[in-house]
Amino acid sequence: MSRADAIALAYLATIVAFILALRFLSSPKTAPIGNRIGALGMAIAIAATFARGGVHNVWSILIVMLVSAPIGAFAARAVKMTAMPQMVALFNGVGGGAAALVALSDFHEVAPEPGRIKADVGIAIMLSALIGAVSFAGSLVAFGKLQELVSGRPIVYPGQKVVNGALIAGLVALAIVVLAGPQRQALVLALLGGALVFGVLFVLPIGGADMPVVISLLNALTGLAAAATGFVLHENVLIVSGMLVGASGTLLTMLMGRAMNRSLANVLFGAFGQIVAGPAAVADTDGAGVRSTTPDDVAVMLAYAKRVVIVPGYGLAVAQAQHDVRSLADLLEARGVDVSYAIHPVAGRMPGHMNVLLAEANVPYPQLKEMDDANPEFPRTDVALVIGANDVVNPDARSNTGSPIYGMPILNVDQARQVVVLKRSMNPGFAGIENPLFLNPKTVMLFGDAKDSVEKLAASVKNL
Amino acid sequence: MRTSLIIIEVTVLVLAIFVGFEVISKVPTMLHTPLMSGTNAIHGIVLVGAIIVAGLPHQATWIRIVALVAVALGTMNVVGGFVVTDRMLAMFKGRRRPDEQG
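The listed protein sequences correspond, in order, to chains A and B. Each number in this note's numbering corresponds to the 1-based position in the first sequence with 6 added. Each number in this note's numbering corresponds to the 1-based position in the second sequence with 388 added.
What follows is the structure, encoded as structure tokens:
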């Protein structure tokens, strides 16, 4: 067996490890070991790459790796669970950037001085550069929006779609020119620069609430860029791994679109929240018909209920209230109340984000009910405790054909006997949509910071 | 007649798409955030490509620097991605642990 064959087999082991890592994610029990298998696969791939021979500058490469590895590890350790979506966006961005730079350096290597690059390699280089750079710039903007460095509101201007369309057409034309004729480094740099600008312009008009979909899409794009790099270097390990990510990101993006009942095109080009946040929508909810209550009243309601379902939303995450919610749930359970959590697929800022936050607070995952399991339970529920969620419990999505979120699957909290909504104020939610749940006679509102309110509730329950 | 390399590679690519869809569709919603960060770590495989190009002989200095930056970015992607996923998954517990917070 030649050395090349041995290396190829090592890469095959990596591919198998990655597939197993994803397969093991089907249950929280096996998932941690799966992730370690994936990391092992990555280590094998890196070791095999050094062992393949023909790698020069080994020391400078190793030093760069040894310096950057702790940076990645530190960032991953330090990040708060609420800030996870930003962190994923950031790591995704650096991956995309790496793919673009690999394309740039390899272009120089394969471009013969006169004449043309082979079409297949040339196309792969252009794709890797374009997609990688778009993903890099787009991810950084997404990071900025979630970190609130950039406004989370959609940033729009007239003719935006025309500008974006023209830009992408120009980039494709430029790529064709590079492939067909002059192998100028300057043209490739222009291509990368243009792709970076496009990445920024593409994500800026998308509202903060839609960022999870965007991150998922950019994740898929980085996977595609990595796969394209595989075609450039003729390495199956890159093609397969990149494409696994591409497929997974695409599927996840579609699932999220379905959970919000919106097409991908609508998310990307709809600038959600623009039209609906007009003054008319807010006027009705000035406070008329809304019943405000006190923590003591809610505490009694909860303590003497048989079944309580907690519906957490992003407000809980922002307030870092997950630990306090767990303590409150413990107190209620100690009194014999049946407590469970209903999790909407897009609760939080990423699909499954809320599950991570509650897991962080030590809530056992069997207590967490997904939407389809939770909804039949609401008619038998005494109190639905909505903490910082808004659009995912909006009954308009079910009945009001005029509502922008009409058709989005929601948690039917209004079928519970009583509904308590913990909310900062009567301001409409992230998407700026009116919510008739708050005017429902069954509903009482407890205004204030989620963490503060939950702490007060726990104290009142303790004193009963 | 031999199949050209590009066709073999496209075959591999198409099969990978199907494997990807197949395994991912079995992941519960509960684990979608770890899935996203786990796949995020996997596309760090681009680090292999970065090492290969950074290891090419006779490069112009600026190209070498570009390739080394790619190595740095790829390394951060890989290490950060796996560590963050590990941290998240460690939190999912089936039964309640003894309460550490009193």
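Each residue gets a CB set at the ideal place from its N, CA and C atoms; glycine is no exception.
Buried or exposed by the 16-neighbour rule on C-beta atoms within 10 Å, applied to residue i
i, result
"residue 7 of chain A", "exposed"
"residue 309 of chain A", "buried"
"residue 286 of chain A", "Residue placement at residue 286 of chain A cannot be trusted, given a pLDDT of 37 that sits under 50; the coordinates are not used to answer."
"residue 39 of chain A", "exposed"
"residue 486 of chain B", "With a pLDDT of 46 at residue 486 of chain B, under the threshold of 50, the modelled position of this residue cannot be trusted, and the question is left open."
"residue 104 of chain A", "buried"
"residue 117 of chain A", "buried"
"residue 396 of chain B", "exposed"
"residue 303 of chain A", "exposed"
"residue 390 of chain B", "exposed"
"residue 163 of chain A", "exposed"
"residue 11 of chain A", "exposed"
"residue 101 of chain A", "buried"
"residue 149 of chain A", "buried"
"residue 407 of chain B", "buried"
Minimum C-alpha distance to residue i - residue among the options
i, options, result
"residue 249 of chain A", "B/414, B/391 and B/431", "B/431"
"residue 456 of chain A", "A/47, A/28, A/395 and A/384", "A/395"
"residue 128 of chain A", "A/236, A/167, A/469 and A/307", "A/236"
"residue 320 of chain A", "A/108, A/214, A/134 and A/26", "A/214"
"residue 301 of chain A", "A/43, A/63, A/467 and A/381", "A/467"
"residue 392 of chain B", "A/192, A/15, A/126 and A/362", "A/126"
"residue 465 of chain A", "A/194, A/339, A/429 and A/333", "A/333"
"residue 417 of chain A", "A/23, A/431 and A/399", "A/399"
"residue 78 of chain A", "A/61, A/62 and A/98", "A/98"
"residue 370 of chain A", "A/80, A/410, A/328 and A/207", "A/328"
Interface residues of chain B facing residue i [CB-CB closer than 7 Å]
i, result
"residue 357 of chain A", "417, 420 and 421"
"residue 235 of chain A", "434 and 437"
"residue 422 of chain A", "Near residue 422 of chain A there are no residues of chain B at all, since even the closest Cβ is about 22 Å away, more than 7 Å."
Per DSSP, the bridge partner or partners of residue i
i, result
"residue 376 of chain A", "A/349"
"residue 424 of chain A", "A/389"
"residue 208 of chain A", "For residue 208 of chain A, which the question treats as bridged, DSSP gives no partner whatsoever."
"residue 314 of chain A", "A/345 and A/389"
"residue 429 of chain A", "A/453"
"residue 298 of chain A", "A/451"
CB of residue i within 8 Å of CB of residue j, strictly
i, j, result
"residue 460 of chain A", "residue 331 of chain A", "yes"
"residue 204 of chain A", "residue 174 of chain A", "yes"
"residue 456 of chain B", "residue 212 of chain A", "no"
"residue 152 of chain A", "residue 217 of chain A", "yes"
"residue 31 of chain A", "residue 471 of chain B", "no"
"residue 243 of chain A", "residue 412 of chain A", "no"
"residue 209 of chain A", "residue 314 of chain A", "no"
"residue 259 of chain A", "residue 141 of chain A", "no"
"residue 64 of chain A", "residue 443 of chain B", "yes"
"residue 387 of chain A", "residue 353 of chain A", "no"
"residue 123 of chain A", "residue 58 of chain A", "no"
"residue 234 of chain A", "residue 134 of chain A", "yes"
"residue 412 of chain B", "residue 222 of chain A", "no"
"residue 94 of chain A", "residue 424 of chain B", "yes"
"residue 196 of chain A", "residue 185 of chain A", "no"
"residue 454 of chain B", "residue 110 of chain A", "yes"
"residue 420 of chain A", "residue 401 of chain A", "yes"
"residue 480 of chain B", "residue 82 of chain A", "no"
Contacts of residue i in chain A (Cβ-Cβ under 8 Å)
i, result
"residue 399 of chain B", "Those within 8 Å of residue 399 of chain B in chain A number zero; the least Cβ separation is about 10 Å."
"residue 463 of chain B", "70, 71, 74, 75 and 78"
"residue 427 of chain B", "28, 225, 229, 250, 251, 254 and 255"
Within chain B, the residues that residue i reaches when beta carbons sit closer than 8 Å
i, result
"residue 126 of chain A", "394"
"residue 335 of chain A", "Those do not exist, as residue 335 of chain A stays about 11 Å from chain B at its closest Cβ, beyond 8 Å."
"residue 446 of chain A", "Going along chain B, no residue has its Cβ under 8 Å from residue 446 of chain A, so there is no contact; the nearest lies around 27 Å."
"residue 303 of chain A", "Result: empty, since nearest Cβ-Cβ is about 27 Å, beyond 8 Å."
"residue 25 of chain A", "407 and 411"
Chain-ordered chain B contacts of residue i [CB-CB under 9 Å]
i, result
"residue 60 of chain A", "440, 443, 444 and 445"
"residue 298 of chain A", "Going along chain B, no residue has its Cβ under 9 Å from residue 298 of chain A, so there is no contact; the nearest lies around 31 Å."
Chain A residues whose Cβ lies nearer than 7 Å to that of residue i
i, result
"residue 391 of chain B", "Ordered by position in chain A, no residue passes the 7 Å Cβ test against residue 391 of chain B, which lies about 14 Å from the chain."
"residue 473 of chain B", "41"
(request) With 7 Å as the limit, tell me which residues of the stretch 93 to 108 of chain A have their beta carbon closer than that to any beta carbon of chain E; keep them in chain order. (result) The structure shown contains no chain E; its protein chains are A and B.
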